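Enquirer: One structure, as structure tokens, below. Some questions next.
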Amino acid sequence: MLALAHRRRSRVHRHPLEDVGVLRLRALRIRLAVHCLADGAEVIKEHAGSRIGRDMESRTIDVLGLRTRVVQEDGRGGGDPIVLIHGVGAWAETWRAVMRPLADTGRRVIALDLPGFGESDRPGRVRYFGPEEAFYPRFVLAAMDALGVRRAHIAGQSMGGAIAFMTAVSAPERARSLVLVAPGGLGRDVAFFLRACAIPGFGLLARMPRPRTAARDVLATCFYDPGRISPELVEEAARYGNASFPEFVRALSAGVGLRGVRASIREAWLGRAAAYGGPVLITWGREDRVLPVRHLADSARAFPQAEIRIIEHCGHLLMAERPDEFLAAVVPFVARAEEAVAA
29 MLALAHRRRS RVHRHPLEDV GVLRLRALRI RLAVHCLADG AEVIKEHAGS RIGRDMESRT
89 IDVLGLRTRV VQEDGRGGGD PIVLIHGVGA WAETWRAVMR PLADTGRRVI ALDLPGFGES
149 DRPGRVRYFG PEEAFYPRFV LAAMDALGVR RAHIAGQSMG GAIAFMTAVS APERARSLVL
209 VAPGGLGRDV AFFLRACAIP GFGLLARMPR PRTAARDVLA TCFYDPGRIS PELVEEAARY
269 GNASFPEFVR ALSAGVGLRG VRASIREAWL GRAAAYGGPV LITWGREDRV LPVRHLADSA
329 RAFPQAEIRI IEHCGHLLMA ERPDEFLAAV VPFVARAEEA VAA
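Here this note's numbering is used: the first residue of the sequence shown is 29, the next is one more, and so on.
In structure tokens form, the structure reads like this:
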């Protein structure tokens, strides 16, 4: 998919349907998830809560009538909570590497499975990105209500970055700060393999006979250094994809067409960006092949007050590939955001 597209830049451009073989190969990889990952699993039955790692708790709550899984790390302190929003096709644990360190700063850290992804219920027909009555910002705010969170530092990666941005703009009083991690939606250009999801019947081309092989292949496009892909990430990617793939296509195509991010959605939300005047941090991997770092300019124009941090030798999944560098940017930023309010 991405790697293939990267190697074949010099080829003559052709209509995407002319070479079904190439499109199918891209589809095999995209199926796991675009902004990272996936492949086959059933939504588990409702549970009160379970431990999935040291001090990491997974539980199910009701959000807008949808059974929603949240993964939490409880910090010992009085800092505002941090809410983490994953990208399209991903799941809560893509934030695993940074959750405990963030909690160690004295904050409750909450990662959501978005509706239809991970182990959360799939929504009915909704207006994902609006711009009017947008579903995703309402969902995040309702999840915060259900968890007793009045105000939080809101962080999102890829499509989750777009959702975080929309949430902060919709309810600026609920966002102590905003952390955008290679965010989607603020720039127009989108990689071909994402735009291909807008082709009717595209999903029929995506049939993956070997989930783990395909999972690692897709993850490799999201990392600069494939050697940093953890076994846990591969296993989760190979577990969550088939169940979430229909939602992946539906959510992605709601915001992206063959020409890139849908202009009506992008322009409407960019026009509202000034509604959020709080602290913003934008982070990007220098070698991101999913949403290239040049998109940073659009994000910076939307939020002129933003701090910028580019992480070298890093791909699209910053928090998983370079957690130490990611934390070095986020932890002091969050602390400064709270100090500014206290002052």
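By construction, the Cβ of each residue, glycine as well, lies at the ideal position given by its N, Cα and C atoms.
Owing to the predicted nature of the structure, the values given are computational and were not obtained by experimental measurement.
Please state if the CB of alanine 120 and the CB of alanine 139 are separated by a distance shorter than 8 Å.
Expert: Contact: yes.
Enquirer: So alanine 348 and leucine 222 are supposed to be a Cβ contact under 8 Å. How far apart are they, rounded?
Expert: The Cβ separation is near 19 Å, so there is no contact.
Enquirer: According to DSSP, simplified to helix, strand and coil, what is arginine 204?
Expert: Residue state, collapsed to three classes: strand.
Enquirer: Run through DSSP, which three-state label would alanine 438 get?
Expert: The chain is shown from 29 up to 371; residue 438 falls before or after that span and cannot be answered.
Enquirer: Short of 6 Å in beta carbon distance, which residues of its chain neighbour threonine 96, apart from the five on each side in sequence? Order them along the chain.
Expert: Contacts found: Ile89, Ser148.
Enquirer: How about the region 313-321 and the region 172-184: do they share at least three Cβ pairs that are nearer than 8 Å?
Expert: These segments do not touch.
Enquirer: Run through DSSP, which three-state label would tryptophan 119 get?
Expert: Reduced to three states, the DSSP call for tryptophan 119 is coil.
Enquirer: Helix, strand or coil for valine 262 per DSSP?
Expert: Valine 262 falls in the helix class under three-state DSSP.
Enquirer: What are the start and end residues of the alpha helix (DSSP H) that includes arginine 166?
Expert: Run containing arginine 166: 163-174, per the alpha helix (DSSP H) assignment.
Enquirer: Looking at the structure shown, is glycine 313 part of a helix, part of a strand, or coil, going by DSSP?
Expert: Strand at glycine 313.
Enquirer: Is the region 190-210 touching the region 289-302, taking contact as three or more C-beta pairs under 8 Å?
Expert: With the cut-off at 8 Å, the region 190-210 and the region 289-302 touch.
Enquirer: Do leucine 94 and proline 129 count as a contact pair if the criterion is CB distance below 8 Å?
Expert: Taking 8 Å as the Cβ cut-off, proline 129 and leucine 94 do not qualify as a contacting pair.
Enquirer: Which first and last residues belong to the alpha helix (DSSP H) in which glutamate 295 is found?
Expert: Element bounds for glutamate 295: 291-298.
Enquirer: With a threshold of 16 other CB atoms inside 10 Å of the CB of leucine 286, please say whether the residue is buried or exposed.
Expert: Its Cβ having fewer than 16 others within 10 Å, leucine 286 is exposed.
Enquirer: How far does the beta strand (DSSP E) with arginine 329 in it reach, from first residue to last?
Expert: That residue, arginine 329, is in no beta strand (DSSP E); its alpha helix (DSSP H) goes 324-330.
Enquirer: When the Cα atoms are used, what is the spatial distance from glutamate 162 to alanine 301?
Expert: Before going further, note that residue 162 is alanine rather than glutamate in the sequence given. Each residue's Cα considered, the two are about 15 Å apart.
Enquirer: To the nearest whole angstrom, what separates the beta carbons of proline 109 and arginine 87, a pair I think is in contact under 8 Å?
Expert: Going by Cβ atoms, the distance from proline 109 to arginine 87 rounds to 15 Å, so no, they are not a contact pair.
Enquirer: Can you confirm whether the region 192-204 touches the region 302-311 when touching is taken to mean that 3 or more C-beta pairs between the two stretches lie within less than 8 Å?
Expert: Verdict: yes, contact present.
Enquirer: Terminal residues of the continuous beta strand (DSSP E) containing valine 126?
Expert: It is not in any beta strand (DSSP E) - valine 126 instead sits in the alpha helix (DSSP H) that spans 124-131.
Enquirer: In whole angstroms, what is the alpha-carbon distance linking serine 281 and threonine 133?
Expert: Their backbone Cα atoms lie some 38 Å apart in a straight line.
Enquirer: In this structure, how does DSSP classify glutamate 335 when only helix, strand and coil are distinguished?
Expert: The answer is strand: DSSP assigns glutamate 335 an E or B state.
Enquirer: Which residues bound the beta strand (DSSP E) around leucine 222?
Expert: Looking at the DSSP string, leucine 222 is not in any beta strand (DSSP E); the run it does join, the alpha helix (DSSP H), is 220-223.
Enquirer: Give the C-beta separation of leucine 309 and arginine 278 to the nearest angstrom, bearing in mind that I take them to be a contact with Cβ-Cβ under 8 Å.
Expert: That belief does not hold up - the Cβ atoms of leucine 309 and arginine 278 are roughly 30 Å apart, past 8 Å.
Enquirer: Let me know if alanine 368 comes out buried or exposed under the rule of 16 or more other beta-carbons within 10 Å of its beta-carbon.
Expert: It is exposed - the Cβ of alanine 368 has fewer than 16 other Cβ atoms within 10 Å.
Enquirer: Compute the Euclidean distance between the alpha carbons of tryptophan 312 and cysteine 225, then round it to the nearest angstrom.
Expert: If I take the Cα positions, the gap works out to 24 Å.
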